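The structure appears right after this line, and notes come after that.
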Amino acid sequence: MKYRNRTEIISNILNAANGGISKTKIMYKAFLSYAQIREYLPILLENNLLALGPDGKYRTTEKGIRFLKMNEEIQELIESKSLQDDFT
1 MKYRNRTEII SNILNAANGG ISKTKIMYKA FLSYAQIREY LPILLENNLL
51 ALGPDGKYRT TEKGIRFLKM NEEIQELIES KSLQDDFT
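Residues in the sequence shown are numbered consecutively from 1, following UniProt numbering.
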């Protein structure tokens, strides 16, 4: 897997947790090590991007979904700018 920045890792975690999922499944779906999941989950919980339910499953919050949408829009802008630069 290519080198990823923090925003990509956070987006992968939030996408994986959309709908409710265990910590282990997040690790596998987001291609994370145990050390990485231990680093990122507390930050995402503290910032209300993820929530831990009484069933022990992590879920993406509304704030997390808004983050994903904004990140997607930013990526589209970057890609379209890159394409424009290629044609000029």
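For glycine and all other residues, C-beta sits at the position ideal for the given N, C-alpha and C. Here the structure is a predicted model, which means the values were calculated and not measured.
Taking C-beta atoms as the reference points, Leu41 and Ile26 count as a pair closer than 9 Å.
The Cβ atoms of Ile13 and Leu50 sit closer than 9 Å to each other. Annotation for Ala16: the continuous alpha helix (DSSP H) segment containing it runs 6-17.
Rounded to whole angstroms, the gap between the alpha carbons of Arg59 and Gly53 is 7 Å.
Short of 6 Å from the beta carbon of Lys29, and not among the five residues preceding or following it, lie these beta carbons of its own chain, in chain order: Ala16.
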